[in-house]
Amino acid sequence: MPAQTDKSSSDTASAAAPSVPAFTFRRMAGLDQALLSTDAEWQSLGKLDPKLWMALSCPIHGLEFDAQTLALLDADNDRRIRAKEILDAVAWLCQRISHPSHLKERRTALPLDLLREDTPEGASILAAARLVLDKTEAADRTQIDRHQTAIALNAAAGYAFNGDGIVPSTSVDAQDASGEAVRHFILTGLKIVGGMRDDSGTPGLDAPLAARFREILHEVLQWRQKTHEAELPLGRDTDEAWSLMQRLGPKIDDYFARCRMAAFAPQTLPALNEENEIGLQESPEARLFSMEHLGRRPLARIAAGQPLDLQAGINPAWEKDMRAFRRLFEAVLPLTKDSQNSENAACSLDEDTWRAIQNRFTPYAALLAQKPDFARAPEDATPFNAPGQPPLALAAADDPLGRAFLPLNPEEVVDKLSDADLDALLSTATEEAFDSYIKRDLAAPRMDAMRDLEKLILLHANLYTLLMNFVSFADFYEPGNRAIFLAGTLYIDSRSCSLCVHVDDVDSHVRLATQSHLCLLYCLCVRKGSNGEEQTATIAAALTAGTADDLIEGRHGIFVDNAGQVWDSTLLRIVRNPISLREAMWAPYIRFANLVGGQLHKLVAAKDTAIANASSKLAGSVAEGQPEAPAKAPQAKQPFDIAKSAGIFAAVSVGISMVSASFTYIAKSLFSLGWWWPMALLCVFIVISGPSMAMAWFKLRRRSLGPLLDASGWAVNTGAPINFTMGGTLTAVGEMPPGAQRSLDDPYGLPAQLKHSRTRRIAVSVLALLLLAAAGLGGYWAWKGEAPSWIKFWQNDTRVTNTSDGKGTEKSGQPNAAKPASPEAPGKAADKAQQGKNGAANATAKEALPSEAKQKTGDQSQNSKKTTDKDSASTTDVQPKAGAAQAPSPEAAATPKPASILEAFAPGAGSAPAPSAAQP
2 MPAQTDKSSS DTASAAAPSV PAFTFRRMAG LDQALLSTDA EWQSLGKLDP
52 KLWMALSCPI HGLEFDAQTL ALLDADNDRR IRAKEILDAV AWLCQRISHP
102 SHLKERRTAL PLDLLREDTP EGASILAAAR LVLDKTEAAD RTQIDRHQTA
152 IALNAAAGYA FNGDGIVPST SVDAQDASGE AVRHFILTGL KIVGGMRDDS
202 GTPGLDAPLA ARFREILHEV LQWRQKTHEA ELPLGRDTDE AWSLMQRLGP
252 KIDDYFARCR MAAFAPQTLP ALNEENEIGL QESPEARLFS MEHLGRRPLA
302 RIAAGQPLDL QAGINPAWEK DMRAFRRLFE AVLPLTKDSQ NSENAACSLD
352 EDTWRAIQNR FTPYAALLAQ KPDFARAPED ATPFNAPGQP PLALAAADDP
402 LGRAFLPLNP EEVVDKLSDA DLDALLSTAT EEAFDSYIKR DLAAPRMDAM
452 RDLEKLILLH ANLYTLLMNF VSFADFYEPG NRAIFLAGTL YIDSRSCSLC
502 VHVDDVDSHV RLATQSHLCL LYCLCVRKGS NGEEQTATIA AALTAGTADD
552 LIEGRHGIFV DNAGQVWDST LLRIVRNPIS LREAMWAPYI RFANLVGGQL
602 HKLVAAKDTA IANASSKLAG SVAEGQPEAP AKAPQAKQPF DIAKSAGIFA
652 AVSVGISMVS ASFTYIAKSL FSLGWWWPMA LLCVFIVISG PSMAMAWFKL
702 RRRSLGPLLD ASGWAVNTGA PINFTMGGTL TAVGEMPPGA QRSLDDPYGL
752 PAQLKHSRTR RIAVSVLALL LLAAAGLGGY WAWKGEAPSW IKFWQNDTRV
802 TNTSDGKGTE KSGQPNAAKP ASPEAPGKAA DKAQQGKNGA ANATAKEALP
852 SEAKQKTGDQ SQNSKKTTDK DSASTTDVQP KAGAAQAPSP EAAATPKPAS
902 ILEAFAPGAG SAPAPSAAQP
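Numbering (the working numbering), first residue to last: 2 to 921.
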């Protein structure tokens, strides 16, 4: 029983938990990429953990993506696409398509069987799609594409009725009997209450706004009826008199207030008349007697208890209005005592009469307060002008009536309308005619549904591509696909770089893109547009194959964008990082070669500078000496003397011999290991190239796409690594095509050059000189019995011993046997004398060494003596005379060995030969 309770509780908990579908991921380049392969994954994309998304936001510029689709997705118009906007687009799509997983086919045409009929949104788009197919007379009625929808939208813009319920004046049929009345109703309504925006962009009236317009007209008509029934103070002149009172009222009130103040405080009379300001001028540019300046002065001269004279002493700025006031209010003004029938009878106005006039207009003011108010456009509103439409202004987005256009001067328009015009606008015939136009417009298919259809077609074709470059980077890692952030391909230095991104600012981009550990090439691309205008763009290309030794700033190449347009590129900057393990393997040897080359270049440059300085000094000394002697006759050209060039030949030969001996010694050391010499060579190679390759390996495995995209404005959620295999695919090196045939017949090679007579003569001359030199050396060797001293770098009296096992052996492995000394030939007497001289010279050099060096030399001689005595036990000892050099043993003569590097340049300058056992 308890087990059943636990099972039921677990079932209840699982049922209460939100159901999340099993998302499909694919391992690509060491990273899991979501594929969205099922409908459930699309519908539950909002439940996918945002930390698993590859990107959280991206800019809409610099993307190789449909611009119209990006504009539709950018709901807040901030020029960035965020994760929330992606989720909103997916949710909007799922309400109208039954199988969103079919979007991975990336078809441009939308099949009608994908549209849902069980939702109002899907049914509306399906009806719009069928209407578009009817209008375009399409042969295939199972699918609809973007082109057909664009044609239908362009045609619908000119339709009189488009289903939005808004009737502009252009939609009214001129042939209709009531059409002129409806058109006048719409235009007048736009001037008084504003208008709505039709789907075609034209201002018009809908049913609610037309009803509001009728309410305002009824209010105006009722107010006018009250005005006609009311008793007007001045009859037909009441409106003019009221307007004049609104202008003069404040100035008249100010005059009587100043007069009361003068009666109360006579000492303030100069200040009330502003007499002190008559002689002052506010600024040099101001005009004291300008109408603007006078308009701020009192209406007339101030005096205590004095009425306002309407004829004399009036401020010139108000004189015209005062004459109009006298004409309009002459009937109500009091007459003077002395001239009751004269023309100047009504020439003054006291304060009591002014108050009576104001009280007389109080009912009329209350009637004016009941006049309907009209909302007009603010002064800073954007004006709108269209052909055939009245002047309007654009309304704010939060307009309470939802209007798109506001009137400019509604009160003036209403005042110009007569009572007959109001009756015509409010007639039942006009109202019914306008309502019939509203019904005809609502019966037509809406353009909003056609716009939704266009949006759905765009999302059906492009949304999955965006998801595979936002939720995951499957398009980047999938071979054959191309990511939307890739700008094109850069061709430079016999390579093509496919990982290229757009760059706005090189300096700011480099600071962040360096963390990608990629070798980056920043290039400026330029091309001429179709209109002849020069276009520029900056890109960053990743170099992942080959070397960057030959890439320098200013080098040119070409850039081909995704549209196939060719740009001329110039290398601006290089961010150097390891490119490949092959480059790192040869890097130590290249650096060593560059170092040697640089040192040689410095040495040659120093010698050249020294020679130039010496020549300059010599020329200066000659110029400062005696006057130049008359030119002498040119001397005859001296014949070539081989003896003077012997030193040059000797130096060249010594250098060649040293290099040959070094390589020979290295090769002999390697081959002496037997079959282990390949392993030894491999160990040497690993010791030299191993550290460089290890450092490059650590950097190459840290290569990432994330910092490169972050520098371009993306918000990348993960690192997006680039492993070795993928890195090799991002840069292609030029190779021969398969099946290509190569001809080795080089027209500039040595075989071709030998066919020319000049080259052939030079080659034959050099070969003849080499043969003559070899013959001369052979003849000298045959005559003297030994090599010349300037190429001999070994000592005849140096014994060669093998100290590895303490025994000297021959090639056959047998111990060296004692051999009898052959009698000396008469021709070798000179040689023995020369050897004696060399021995004495060596002894002298040995004595010149420091004591420590002597001791070391003596120890080496004793060791050599002991080894020789042990290996030549059967050899008869010979007692030489004092001071005589010991004769070399046969084995020492057979196996020569250089004593030191010094002997290679100066034979006989090395250490003395090891003394024999008979020497003290």
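All C-beta atoms, glycine included, are put in the ideal place defined by N, C-alpha and C.
By DSSP's assignment, W568 forms a beta bridge with F560. Pairing L134 with E455 gives a Cβ-Cβ distance that is not under 8 Å. With contact defined as three or more Cβ pairs closer than 8 Å, the region 503–510 and the region 729–746 are not in contact. With respect to the C-alpha of R107, the residue from N463, E86 and R28 having the closest C-alpha is N463.
Here A231 is exposed. Its C-beta has fewer than 16 other C-beta atoms within 10 Å.
Secondary-structure assignment with DSSP links Y523 through a beta bridge to A541 and R574. With a 10 Å radius around the Cβ and a threshold of 16 neighbouring Cβ atoms, Q566 comes out exposed.
Nearest in C-alpha terms to R441, of all of A304, E534, S172 and L73, is S172.
S428 and D416 have their C-alpha atoms roughly 19 Å apart. Contact between T120 and R97 is confirmed by a C-beta separation of about 7 Å, below the 8 Å threshold. Less than 8 Å divides the Cβ of Q516 from the Cβ of P708. About 6 Å separates the beta carbons of I559 and D569, which is inside the 8 Å limit, making them a contact pair.
With 16 or more neighbouring CB atoms inside 10 Å of its own CB, A35 falls in the buried class.
Separation of E331 and E216 (C-alpha to C-alpha, rounded to the nearest whole angstrom) is 41 Å. The beta carbons of L37 and W43 sit closer together than 8 Å. Comparing alpha carbon positions, the residue from F435, D476 and G205 closest to D177 is F435.
Distance between I612 and G691, taken at the CA atoms: about 44 Å.
Taken atom to atom, the span from the alpha-carbon of R483 to that of F477 is near 6 Å.
L457 places its beta carbon 8 Å or farther from that of L206. Rounded to the nearest whole angstrom, the CA to CA distance from E433 to I439 is 10 Å.
Taken through DSSP and simplified to helix, strand or coil, S673 comes out as coil. Under the DSSP assignment, M29 falls in the beta strand (DSSP E) whose first and last residues are F26 to M29. Distances from the CA of K105 to each of I687, N563, L467 and D146 were compared; the closest alpha carbon is that of L467. When only Cα atoms are considered, A305 and D254 end up about 15 Å apart. If the five residues before and after L572 are omitted, its C-beta is found closer than 8 Å to the C-beta atoms of I493, L522, Y523, C524, L552, I553, E554, G555, R556, H557 and G558, all from its own chain and listed in chain order. Secondary structure of H518 (DSSP, three-state): coil. Collapsing the DSSP output to three states places G296 in coil. For secondary structure counted as the alpha helix (DSSP H) over 4 or more consecutive residues, the region 234–260 holds no complete run. Between the C-alpha atoms of D746 and T548 there is a straight-line separation of about 29 Å. Just measuring C-alpha positions, the residue of M246, V511, V734 and N724 sitting nearest L329 is M246. Taking a C-beta distance under 8 Å as the contact criterion, P204 and A405 qualify as a contact pair. L500 is positioned such that its CB atom lies closer than 8 Å to that of A543.
Assigned with DSSP and collapsed to three states, V91 falls in helix. Judged by DSSP secondary structure, A421 falls within the alpha helix (DSSP H) whose first and last residues are D420 to L426. Nearest C-alpha to V221 among A129, D424 and W782: D424. K529 is bridged by DSSP to E535.
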